[in-house]
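Chains as they are written, first to last, in this note's numbering: chain S, 516 to 993; chain D, 516 to 993; chain G, 516 to 993; chain X, 516 to 993.
Worksheet: the structure to be examined is printed underneath.
Number of protein chains: 4
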Amino acid sequence: MLKTGSEHLRQLRDGRVVYIGAEKVDDVTTHPAFRNAARTVAAIYDMKAADSRFCFKEQDEKYSAYFLRAKTREDLEKRTQLHQAIARMSHGLLGRSPDHVSSFVTGMAMNAPVFGKFEDNLLKYYEHMRREDVYGVYAVIPPQAARNPEFYQKQNLPIPTLRVVREDDDGVVISGMKMLATGAVFANEIWIGNLIPLAPNQLPESITCAIPVNAPGVTLWSRKAYERHAPSEFENPLTWRFDESDSMVMCDEVKVPWEKVFVHMDAVLAREIYIKTPGHCYGNHQSNVRFHAKMRLIVGLASRIAQASGAHEIPAVREVLGRFAALEAALGGMIAGQIQDAEDWPQGWKTFNRRYMYAALNWCTESHSQIIDALRELCGGGIFQMPADISVMHEPKLKAQFEAYWQTPQLGAAERMKLYKLAWDLIGSEFAGRHLQYEKFYAGASFIIRNHNFREAPWDGFHKVVDDLMGSYGIPAH
Amino acid sequence: MLKTGSEHLRQLRDGRVVYIGAEKVDDVTTHPAFRNAARTVAAIYDMKAADSRFCFKEQDEKYSAYFLRAKTREDLEKRTQLHQAIARMSHGLLGRSPDHVSSFVTGMAMNAPVFGKFEDNLLKYYEHMRREDVYGVYAVIPPQAARNPEFYQKQNLPIPTLRVVREDDDGVVISGMKMLATGAVFANEIWIGNLIPLAPNQLPESITCAIPVNAPGVTLWSRKAYERHAPSEFENPLTWRFDESDSMVMCDEVKVPWEKVFVHMDAVLAREIYIKTPGHCYGNHQSNVRFHAKMRLIVGLASRIAQASGAHEIPAVREVLGRFAALEAALGGMIAGQIQDAEDWPQGWKTFNRRYMYAALNWCTESHSQIIDALRELCGGGIFQMPADISVMHEPKLKAQFEAYWQTPQLGAAERMKLYKLAWDLIGSEFAGRHLQYEKFYAGASFIIRNHNFREAPWDGFHKVVDDLMGSYGIPAH
Amino acid sequence: MLKTGSEHLRQLRDGRVVYIGAEKVDDVTTHPAFRNAARTVAAIYDMKAADSRFCFKEQDEKYSAYFLRAKTREDLEKRTQLHQAIARMSHGLLGRSPDHVSSFVTGMAMNAPVFGKFEDNLLKYYEHMRREDVYGVYAVIPPQAARNPEFYQKQNLPIPTLRVVREDDDGVVISGMKMLATGAVFANEIWIGNLIPLAPNQLPESITCAIPVNAPGVTLWSRKAYERHAPSEFENPLTWRFDESDSMVMCDEVKVPWEKVFVHMDAVLAREIYIKTPGHCYGNHQSNVRFHAKMRLIVGLASRIAQASGAHEIPAVREVLGRFAALEAALGGMIAGQIQDAEDWPQGWKTFNRRYMYAALNWCTESHSQIIDALRELCGGGIFQMPADISVMHEPKLKAQFEAYWQTPQLGAAERMKLYKLAWDLIGSEFAGRHLQYEKFYAGASFIIRNHNFREAPWDGFHKVVDDLMGSYGIPAH
Amino acid sequence: MLKTGSEHLRQLRDGRVVYIGAEKVDDVTTHPAFRNAARTVAAIYDMKAADSRFCFKEQDEKYSAYFLRAKTREDLEKRTQLHQAIARMSHGLLGRSPDHVSSFVTGMAMNAPVFGKFEDNLLKYYEHMRREDVYGVYAVIPPQAARNPEFYQKQNLPIPTLRVVREDDDGVVISGMKMLATGAVFANEIWIGNLIPLAPNQLPESITCAIPVNAPGVTLWSRKAYERHAPSEFENPLTWRFDESDSMVMCDEVKVPWEKVFVHMDAVLAREIYIKTPGHCYGNHQSNVRFHAKMRLIVGLASRIAQASGAHEIPAVREVLGRFAALEAALGGMIAGQIQDAEDWPQGWKTFNRRYMYAALNWCTESHSQIIDALRELCGGGIFQMPADISVMHEPKLKAQFEAYWQTPQLGAAERMKLYKLAWDLIGSEFAGRHLQYEKFYAGASFIIRNHNFREAPWDGFHKVVDDLMGSYGIPAH
C-alpha cells in the first residue's frame with residue numbers, strides 16, 4: 516500500500532500522548548509546535564505515492580522502494596534514488612524521515628535467522644511495515660541516567676531505563692525511558708532497541724520490540740519545539756517546516772504482544788541484529804544520502820551569499836566556493852562508490868559497500884561543524900544588519916527607507932533579507948544549533964563511528980602490505 | 516563623576532528612537548526586548564562606583580579607571596583590572612560594554628595632535644566623556660550596500676552610507692546609515708567613524724564625530740532581540756541578561772556641532788586616528804580581557820558538564836579538560852604579557868604591547884568556533900533529553916516522573932536541566948549562534964586582523980635572523 | 516607491444532644527458548643515484564606484460580590497459596585495475612609511473628578534434644605510444660624565473676622558460692627550461708606543454724610537443740637524488756627503491772619534427788587540450804588510485820606500529836586506527852564512485868566522473884600532511900631509540916646487547932628497528948620530506964585544484980535548490 | 516666559574532664511549548658526525564662568558580644566569596634573557612642546550628626539603644653544577660621495552676630499564692638503559708631520573724642521580740647522526756651546525772657515589788621532585804623561550820621566501836605572513852606573561868607563572884606541525900627546481916646556465932638556491948623530520964602536557980563562575 520499524505524495525517528490523530536513541558540498536545544497535525552513539520556512528512560508520502568520510480572512490486576502489491584531488499588545493483592540504485600528524493604524535499608534536515616528505520620528493518624529482514632526464535636516475528640513485522648506503509652522511528656539509546664542502576668535501587672526508585680518488568684502468555688510489559696525518538700510525534704510506530712552494547716547482565720533491558728506511538732502507557736516528552744517559536748516562515752524558513760522533533764519515550768506498563776517482540780533476554784543479540792544483518796548498512800546509507808542533500812543546500816547558499824555582495828568575483832572567494840563544491844562531490848563519490856563496490860550477501864542479497872558507508876558517516880560527523888563554520892565565514896558580519904523582522908515592509912515610511920538603504924546592486928532589500936534569514940536558519944538559529952549538535956552525535960560519539968570503521972576494515976590485507984614489503988629485504992651483509 | 520546604575524537607566528529614557536522591525540520601542544529600560552540587558556549595564560555602573568580600585572583621581576575629580584591614560588605599568592594593571600571586573604560580570608558576553616569605546620577615546624587622547632585642527636575637540640570630548648561617565652558605543656563600518664555609490668547615483672537614490680551632506684558655521688549635517696552600533700540602545704552617545712580604509716575620494720564619508728543617541732534625526736534599527744524570545748531566565752540564562760543588542764544607525768539630517776567633529780574631509784586620517792594613537796590598542800586590550808572572561812565560563816562549564824555525567828573520571832575527558840585549561844591560560848598569558856612588555860609612547864605614556872594584543876585578537880577570532888565545538892563535544896547528544904521547559908515542575912505528576920527519571924547519581928533532575936540549559940545557551944541557542952558569528956567578525960574579516968599583525972611586526976628583525984644566518988657561510992670550495 | 520623490464524632498461528641506455536649537480540651520469544640504470552628506482556620501473560613493465568588482465572586487444576595487437584579508450588564501465592574498471600596494480604607495487608610512491616602521462620594522452624585521443632590542424636599528430640602520437648609501450652613523462656610548468664620576461668630582455672638574457680625560437684619546414688626548434696619532469700631519467704619521452712594558463716601573448720611558449728629524453732640538446736638537471744644517500748635498504752627501504760627523481764628539463768636548440776607538435780602559437784588551446792578532452796580526467800584518476808595505494812601502506816603501518824608497542828589494545832588508539840581505516844575507505848569510495856557515476860562523452864566514450872575525481876584530488880592534497888602527522892603521533896618519541904644503523908648486528912657484543920635490550924614482548928629487536936625505519940622513511944626521512952611537499956603541490960597550489968572543482972560544479976543545480984526553496988514562500992501578510 | 520668554549524671542548528675529550536651503529540667514536544669534538552654541533556655548544560659558552568648580563572654574582576663568585584634562583588621579577592627577566600641569547604644562537608634548534616637541565620636543577624634547589632634525606636646532596640649538586648659551569652643533560656624516560664618486566668624475567672633476561680642492581684657503603688650500582696639523552700655526547704654529566712610516574716613497586720627504578728658521561732660502564736648509543744650526512748653547510752646549514760644528537764644511555768654496572776644520589780627507593784618522590792619544586796617550571800620556561808627563537812627564524816624565512824618570488828605583494832600571502840607574525844607574538848606574549856604574573860614560592864623565591872608556561876608548552880606541541888606545514892605551503896612546488904647541489908658553480912658551463920636560468924628579478928641563482936636550501940633544512944630534510952617528531956613529543960605525549968595543565972588549573976575558581984551564575988536564578992514561578 517502506498518499511503519497518501521492526508522491518510523498519514525489522519526493516522527496521527529490517534530490519541531497519542533505528547534507533552535511539551537507541562538502542556539499536553541491535542542493534535543500534532545494542527546498544534547503550532549508541529550503542524551508544519553507534519554505537513555512536510557505528509558508531502559513525502561504524496562511525492563512517493565505519485566511517482567512509480569519510488570515503488571516496487573512484489574506479487575502484485577506495490578511497496579515503497581525503501582522496503583526493497585536488493586538483489587542487483589539496479590535495486591540498490593532504486594533505493595538510493597528514493598532516499599535522495601525524500602532528502603531533497605527536506606534538504607537533508609529530517610534525520611529520521613520515513614525511510615530511515617524502514618531501511619533498518621528491511622536490512623534486518625535480509626538475514627532474519629539471526630533473530631533465532633523471533634525470526635518469524637521480524638519477517639512478519641517487515642511485511643506489516645511495507646504493507647501498511649508504516650512510518651517507524653526508533654528509540655535505541657538508554658537515558659544518561661541509566662548508567663548506574665545501583666543508585667536507583669538503593670533509593671528504591673525505578674531504574675529509569677526501559678526494561679521488561681513482566682511477561683505473560685500474551686507478551687511482555689515494559690516500563691521506563693528510552694531516548695531519543697526523533698520524529699516520533701509524526702510516526703506510526705516506535706522501534707525499541709539497543710544500538711549501544713549492553714552489559715551482559717542487562718537482560719530485561721535487551722528487549723527489542725515495536726510499539727504504536729499511541730499505545731496505552733506511552734508518553735512522549737518533547738524537547739523545546741523550535742517550530743512554535745519561529746515568528747514566520749520568512750524569518751525562519753527551515754525551522755518553520757523541518758523541525759523534526761526529538762522526544763524522550765516514557766513507557767508506563769506498556770503491553771507488547773509477543774509477535775512484536777524481536778529480541779528478549781539476550782544482551783549480545785540485542786546489538787548484533789543491526790551489525791550481523793544489512794540493517795545498519797541500509798539505515799545509514801540513507802543517512803549519507805540525506806547529508807548529501809544538505810550539502811547541496813549549503814553549497815547553493817554559499818554561492819548565492821557570495822553573489823549577494825559581489826564577493827564571488829574575488830579569486831579567494833571563488834577558491835572557497837570551489838572547495839565547497841569539492842566537499843559536496845567528495846560525499847557524492849563516497850555514496851556512488853557504495854553501489855559500485857556493492858557487497859554480496861547470502862541468498863543473493865546485495866548491500867551497499869559497508870566500509871564506504873561507515874567512512875562517509877565518519878566524514879559527515881567530522882566535517883559538519885567546520886562546513887557550517889565556513890558558511891559562517893562567507894556570511895560575514897553583515898548578517899546582523901538586517902531589521903529584526905520583515906514587518907518593516909508593512910509600514911510605508913520604514914518600507915521606503917528599508918528598500919532604499921538595504922538594497923544593493925546585486926539584490927533588492929527584501930530579497931537580500933530573505934537570503935540572509937535563510938542562511939541564518941542554517942548557521943545561527945536555535946534550529947541550526949540543534950543541527951550542529953545533532954550531526955556531531957548523529958550516530959553516537961565519534962569513537963562509536965570509528966569503531967565501526969575499525970571493525971569492518973580488512974586488517975589482514977593492510978598488514979600484508981607492510982609484511983610483504985618488509986619481507987622483501989633483510990639485514991644487509993657486513 | 517561616577518554614575519550609578521539608576522542614574523544611567525534614567526539617562527536612557529531620553530526619547531531615543533528605536534525600532535524592532537516595525538515596532539517602535541518606548542522605553543528601552545522597560546521593554547521586554549531590552550530591560551534585562553539594561554539592568555546588566557546598570558549593574559556595571561553600580562559595581563564600578565562602589566569600588567575605589569576601579570577609579571582614579573585627577574585634580575580631585577574621580578573618574579572610571581578605563582579613562583586612565585597610563586604612565587606606569589601599575590596604571591596599565593589598573594585598567595586591566597577594571598576591564599576584568601566588568602567582563603566577569605557579563606562573562607565576556609557584552610562585546611561593547613562601557614569600557615570599550617571609552618578606551619578607544621582615552622587612547623586617542625594620548626596622541627591628540629594626530630587630529631590636527633580638531634585636536635582640541637578630541638581632548639575636550641575625552642574630558643566630557645570621563646567627567647560625565649558617558650557610555651559611548653560606535654558605528655564605524657559602512658553598510659554592505661555602500662560599496663557601489665554609482666549604482667545609487669544612477670537611480671537618483673541617496674547613497675546609503677553615512678556622510679556629510681551639508682556644513683555651516685555651527686557644524687555639519689550628516690545623513691545615511693552606519694553599522695553596527697552594538698549596545699547603542701543602552702548607551703549615551705555614538706561615535707561615528709571609519710575603522711576600515713576609505714577610498715581617497717570618500718571625503719564626505721570621512722566624517723568622524725560623536726552624537727547623542729537621542730539626537731533628532733537618529734533612528735536605531737535593531738536586529739532581532741533575542742532577550743524578548745527567551746521564555747524564562749531558567750531556559751536561557753544568558754540570553755535573558757546579556758543580549759547587548761546590535762543596531763543599524765540611520766541618520767536623517769542630523770546636526771553635529773563643530774566641537775563634536777574629530778575628522779572631516781580627510782579619508783586617510785579618518786582611519787589613522789585609531790592606529791597612530793593608542794586608541795586601537797586600548798580598545799582591543801579590553802576585547803582580549805573580555806574574551807578571557809568568557810573562557811573562564813567555558814572552562815568552568817566544560818568541567819561541570821563532564822562531572823554531571825561522571826565523564827570527568829575518564830582519562831581522555833580529563834585530557835580534554837586539561838586542554839580547555841591550557842587554552843584559558845594561553846590567553847591569560849598573552850594578556851599579562853601585554854603589561855610585562857608594555858610600550859613607551861611619547862610624553863611618557865604607556866600602552867599595552869600591541870603585537871601581543873593583536874596576536875591575542877587573532878587567537879580569539881581563530882579559536883572561538885572550535886572552542887565552542889569542543890564544548891559541544893563534551894555536552895553530547897544527551898542535551899536533547901531535557902523536557903521542553905521547566906514547567907514540568909509545576910504539574911505534580913510530571914514533576915514526580917521528571918525527578919525520578921531525569922536525576923542521576925551526580926545531579927538532581929532540575930539541577931541537571933539547569934546546567935544543560937545554561938550550556939545550551941552558550942552553544943546552541945540563537946544567542947549562541949550570534950556569538951559564533953560575532954566573535955569571528957569581532958574585528959572584521961580575518962584578513963583585517965592579520966594585516967594589523969603584519970603591520971606591527973618587526974620585519975627587519977625577522978629578516979636579520981635569516982640574513983645573518985645565511986651570511987655566515989658561502990658556497991663551498993671545490 | 517608490451518615491453519619487458521629489461522627491454523625498457525636497455526632503452527634507457529641511450530646517451531641521455533643527466534646531471535646531478537656537476538656530475539654527469541653515464542648510465543641511469545647502474546648509477547647509484549638511480550639504479551634501484553630504474554629496477555622498480557622495469558618491474559612494472561614485467562608485471563604488466565605477464566598478466567593478461569592488464570592489456571587489451573585492438574586489431575590483434577595487444578596494448579597496455581592504460582591506453583584503453585573506454586566505451587563501457589568495464590573498460591573503466593580495467594583501467595583502474597591496472598593503475599591499482601602499478602600503484603601497489605610502489606605503494607603509491609611513484610607519482611609519475613608509466614600510466615600517468617599515457618592516460619593523459621589516451622584521454623586526449625578521445626577528443627582529438629580539439630587539436631585542430633594537429634589532430635592527426637595527436638592521434639598518431641597516441642598510436643605510437645601504445646604501440647611502442649612508451650614511458651612518457653611531462654614537463655608542463657614554467658620555471659618560477661619565467662614570470663617576468665621583461666627582466667631578462669632588459670639584461671639581454673635568454674628568457675628562461677622553454678619556447679619556440681625558430682621554425683622551418685621540418686619542425687620547430689625549442690630552447691629554454693621547463694619543470695618539473697618527475698621520472699624523466701627513467702622515461703622514454705617527455706611531453707612538453709602548459710598545464711597552467713598562459714598569457715595571451717605567450718605564443719612561442721604555447722608549444723606542446725613530445726621529445727625523446729635523449730634528443731640532442733636536452734639536458735636533465737636532477738634535484739638531489741635521495742636514493743644515493745640511503746645507507747642501505749634496511750635503513751631506508753622506500754628511498755632505496757622508490758625515489759622517482761625530479762628534473763628540470765633544459766633544452767638548447769632542440770629540434771622537434773612537425774609530427775610531434777600538438778599545439779603551436781595558441782596560448783588558449785595549449786591549456787584547453789587537457790580540460791576539453793578526457794585527458795586531465797584520465798591522468799588524475801590514476802593519481803587518485805596511486806594515493807589510495809599509499810593510504811593502504813599508511814594504514815597497515817599505523818596498525819603494525821600500534822601493535823609493536825601493544826598500544827593497539829588501548830581504546831583511544833583503536834579509535835585512531837578506525838579513523839585511519841575510515842580515511843582509506845573514504846578515498847576508496849570516491850574512486851569507485853567515479854566508475855558508478857561515469858560520464859558519457861561524444862562518440863560513445865566514457866570517462867570517470869570528473870567531479871568526484873577532482874574532489875578526491877582536493878581531498879588528497881588537503882589531507883596528506885595531517886595523515887602523515889597522525890602517523891607521527893602513533894610512532895611516538897621512541898622512534899629515536901633506535902641505533903644509528905643496523906651494523907650493530909655485525910658486532911657480537913653490540914648485537915647481544917641490542918637483542919636483549921631493544922626487544923619487546925611484541926617484537927624482536929631487529930624486527931622492531933626494521934619496522935620503525937620503514938615508518939621513518941614515510942614520515943621523517945628526506946624522501947618523506949619530499950613527499951610531504953610533493954603531495955601538497957601535486958596538482959599545483961590548492962587554488963588550482965579548487966578552481967577545477969569550481970569549474971565542473973553544476974552551479975545552476977545548486978542555485979536552483981536555494982531559489983526554489985526561497986520561491987516557495989513570501990513576505991507574510993500583515 | 517664561567518667556562519670558555521675551548522675549555523668545554525677539552526672536557527669532552529674524556530674517554531667517553533659513544534657508538535654510531537657499530538662505529539666507536541674516538542673524539543666527539545673532531546668526529547664528522549658531531550664536530551660542528553660541538554663547536555656550536557662551545558660558542559654558547561664563549562658567548563655567555565663574554566657578556567656580564569648573562570651571569571650573576573653570589574659571594575663574589577660569578578655564575579651563569581641560568582643558575583640564578585630568582586627572588587625578584589628582574590631575576591626572572593635575567594634568566595629569560597640568557598635563555599633567549601642561547602636560543603637565538605641556535606635558532607631554537609637545540610632542545611637541550613646547557614640551560615635546560617641546569618634550570619631544572621636550579622628549580623629543585625629552591626625547594627630542596629622535598630628531597631628528604633637527600634636534600635643536602637641536591638643542594639651540593641646544584642653548587643657543583645654552577646661552580647663548574649657543568650653542562651648537564653638528562654635521561655628520564657624508560658625505554659619502550661621496559662613496560663613488561665615479567666616478559667624479561669620469564670626469559671631470564673635483564674630487565675632493560677635502568678635500575679639499581681646493588682648498593683653498598685659507597686653508593687649504588689646501576690645497570691640498564693634509559694632514554695633519550697639528547698645532547699649527551701656534548702655534555703659533562705647526565706641526570707638520571709623519572710619524569711613519568713613509576714608503578715608503586717618500581718623501587719629500584721626510582722633511582723635519581725647524576726653521572727659523568729665518561730663514567731666507567733656508560734655507553735651512549737647515538738641515533739643516526741644527520742650532521743655526518745650533510746653534504747655541505749650550503750646544502751644543509753641547519754643540519755650542519757645544530758644536530759644536537761640523541762642517545763640511548765646504556766649503563767653496565769655503573770657506580771654512583773651516595774653524594775650524587777637524589778632519590779632512591781621511592782617511586783612517588785622520583786617524579787614529585789620536578790613538580791613540587793620549581794624544577795619543571797624553570798626547565799620548561801627555557802623550552803618556551805627556545806621555541807620562540809625558532810618561531811623567529813620561521814617567520815623570517817616565510818617572509819624571505821615570499822619575497823623571493825614576489826609573492827609577498829599578493830594580499831592573500833600578506834595575510835599569511837600576518838598570521839605567522841601573530842603566532843610568533845602569541846608565544847612571545849605567553850612568555851612575557853609568565854614574568855608579569857610570576858608566582859611567589861616559600862622563602863621568597865619567585866617562579867614563572869606555571870599555568871602560562873604549561874599553556875605555552877601545549878601550544879608549541881600542538882602547533883608545530885601545522886606551522887611547518889604553512890611554511891611548506893609558502894615554499895611551493897618550486898623547491899625541487901634547484902640543482903642537486905651547488906657544485907654546479909664549479910663547472911663554468913653549468914655555472915653560466917645556472918646563473919642565467921635560475922635567477923629571478925628578486926634574487927640571483929645562487930642566493931635563491933641558498934635560501935631554498937635553508938628553508939628545506941627546516942621543512943624537508945631528515946633533520947627537519949626529526950624536529951617534526953621531536954617537538955610533538957618534546958614533553959611526552961600530548962596527554963601528559965594536558966595533564967600538567969589540568970593539574971595546575973584553578974578548578975574551584977572556574978566552578979565558582981558557573982555555580983554563582985546558576986545560583987543567581989531559580990525555577991520560574993508558575
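Glycine is no exception: its CB is placed at the ideal position from the N, C-alpha and C atoms.
N-terminal and C-terminal residue of the alpha helix (DSSP H) that residue i is part of
i: residue 637 of chain X; result: 634–647
i: residue 880 of chain D; result: 869–894
i: residue 831 of chain G; result: 830–855
Where residue i falls, given that 16 or more other Cβ within 10 Å makes a residue buried
i: residue 563 of chain G; result: buried
i: residue 521 of chain D; result: exposed
i: residue 587 of chain G; result: exposed
Among the options, nearest to residue i - alpha-carbon criterion
i: residue 788 of chain S; options: S/628, S/943 and S/704; result: S/628
i: residue 948 of chain G; options: X/955, X/940 and X/953; result: X/940
i: residue 579 of chain X; options: X/539, X/684, X/528 and X/649; result: X/649
Residue span of the beta strand (DSSP E) that contains residue i, given as start and end
i: residue 864 of chain G; result: 864–866
Residue ranges of each alpha helix (DSSP H) within the stretch 564–604 of chain X, 4 or longer: For the stretch 564–604 of chain X, whole alpha helix (DSSP H) runs of length 4 or above, ordered along the chain, are 588–604.
Examine the Cβ distances between the stretch 773–789 of chain X and the stretch 722–729 of chain X and report whether three or more of them are shorter than 8 angstroms. Judged by pairs of C-beta atoms under 8 angstroms, the stretch 773–789 of chain X touches the stretch 722–729 of chain X, as three or more such pairs exist.
Give a yes or no on contact between the stretch 728–741 of chain S and the stretch 678–686 of chain S, applying the rule of three or more CB pairs nearer than 8 angstroms. No: fewer than three Cβ pairs fall under 8 angstroms.
So does the stretch 685–692 of chain S actually touch the stretch 742–755 of chain S, counting three or more Cβ pairs closer than 8 angstroms? Contact fails: fewer than three Cβ-Cβ distances are below 8 angstroms.
Run through the stretch 890–956 of chain D for me and flag every whole beta strand (DSSP E) of 3 or more residues, listed as ranges in chain order. For secondary structure counted as the beta strand (DSSP E) over 3 or more consecutive residues, the stretch 890–956 of chain D holds no complete run.
On the three-pair Cβ rule with 8 angstroms, is the stretch 978–990 of chain D touching the stretch 805–816 of chain X? Counting Cβ pairs under 8 angstroms, three or more are found: they touch.
When the Cβ atoms of the stretch 623–641 of chain X are set against those of the stretch 599–615 of chain X, are three or more pairs found closer than 8 angstroms? Segments in contact, no.
For the 8 angstroms Cβ check, are there 3 or more pairs between the stretch 835–848 of chain X and the stretch 861–876 of chain D? The count of Cβ pairs closer than 8 angstroms, one atom from the stretch 835–848 of chain X and one from the stretch 861–876 of chain D, reaches three, so the stretches are in contact.
Contiguous alpha helix (DSSP H) assignments of at least 4 residues, all confined to the stretch 741–824 of chain S: Fully enclosed alpha helix (DSSP H) runs of 4 or longer: 741–744, 752–757, 784–790 and 794–823.
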